[in-house]
Amino acid sequence: MALINEAIADLESREAGDNFSIWGITKKYSVSHSTLSRRWNHQTGPRAAGYAAQQLLSP
1144 MALINEAIAD LESREAGDNF SIWGITKKYS VSHSTLSRRW NHQTGPRAAG YAAQQLLSP
């Protein structure tokens, strides 16, 4: 999953006025367009974060 994190870092490094496309970034890093789009829009997170939320913690 390092490629998806690199793609997100690339998106975050862009300036507010820069022209870029999610499609171009997905081709550059060979990642899924839908996954990158969802992560970039904060609709989903990494699986590990979801699993951590489901863990039962006992005192």
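If you use my numbering, the sequence shown corresponds to residues 1144 to 1202, in order.
All residues carry an ideal CB built from backbone N, CA and C; glycine is no exception.
query                                                                                                                                                               : result
Identify whether residue 1159 lies in helix, strand or coil by the three-state DSSP scheme.                                                                         : coil
Using the C-alpha atoms, what's the distance from residue 1182 back to residue 1190?                                                                                : 11 Å
So, with DSSP's three-state summary, where would you put residue 1198?                                                                                              : coil
Got a sec, what are the start and stop residues for the alpha helix (DSSP H) residue 1187 sits in?                                                                  : Run containing residue 1187: none; DSSP gives neither H nor E here.
Leaving out five residues on either side along the sequence, give the residues of the same chain with a beta carbon under 7 Å from the beta carbon of residue 1196. : none
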